[in-house]
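Quick notes on the structure that follows.
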Amino acid sequence: PAVHEAFGLVYQSTGEYDRAEASFQKALKLDPKFSRARNNYAAFLYFLGRFGDAEQEFAIVAEDSLYSGRPLAYTNLGMSRVNLGDNAGAEAAFTRALRMDRANPRALLEMGYLRLAADDIPAADSYYGVYRTAVPQQSARGLVLGIELAEARGDKDAQSSYELALRSRYPDSPEYQAWKARQGLQ
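Mapping to the numbering used here: the sequence shown position 156 is 634, numbers consecutive.
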């Protein structure tokens, strides 16, 4: 199974997606409990935009209590659910990830976005605050959340600070381009 998993990764890296999928499936046919291969297969499906298929595979991986990558599997399960529009399911997955790793930056950031979408500004602020302490430098997506939370609180100084950081650190990012378009800047 490990050899077929390795071939799956190689084929994925060379853009031979049909062969990659066949290799991952062969690995899992030989050992259905091989969580590392299943996780890599799920990540491959996510990469292809097949979020429903990825969600099913990540859910199986996340239930393997002996798998060392379980917190990441729950985070990826949450991301799959976000892409499927299942916010409640995504929150449940991110919550499980955070129980296992309280400083999981991706789960913290996404929980901030989910709580903001639910108009729960205090909870979104709380997740965002922990996210900021968990990362050495915020991502563009993190700075956008900071902008949106500052705007929701009416904190113009914080909003300006996050906007400046986004513009100076990530001028070519899709997040900055979307923010510029939202502001009517081009």
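Here a beta-carbon is modelled for each residue, glycine too, at the ideal position from N, C-alpha and C. Here the structure is a predicted model, which means the values were calculated and not measured.
Between S558 and E533, the C-beta spacing is below 8 Å. D564 and D633 have their C-alpha atoms some 30 Å from each other. Under the three-pair Cβ rule at 8 Å, the region 585 to 600 counts as touching the region 624 to 633.
Judged by DSSP secondary structure, L523 falls within the alpha helix (DSSP H) whose first and last residues are 513 to 525. In the DSSP assignment, T492 falls outside any alpha helix (DSSP H) and carries neither an H nor an E.
Contact check for A515 and P479: beta-carbon distance about 6 Å, within the 8 Å limit, so the pair qualifies.
The three-state secondary structure of N582, taken from DSSP, is coil.
Distance from the CA atom of A484 to the CA atom of A585, rounded to whole angstroms, is 28 Å. DSSP places G567 in the helix class (H, G or I) of the three-state scheme.
Apart from the 5 residues on each side of it in sequence, R631 sits with its Cβ closer than 8 Å to the Cβ of I599, D603 in its chain, given in chain order. Residues of the same chain with a CB within less than 8 Å of the CB of A540, apart from the 5 flanking positions on each side, are R548, A551, Y552, L555, A571, R574 in chain order. Selection A596, S651, R577, K507 evaluated against G620 yields S651 as nearest (Cα-Cα). Going by beta carbons, Y609 and L587 fall inside the 8 Å limit.
Taking 8 Å as the cut-off, the beta carbon of A581 is found closer than this to the beta carbon of A612.
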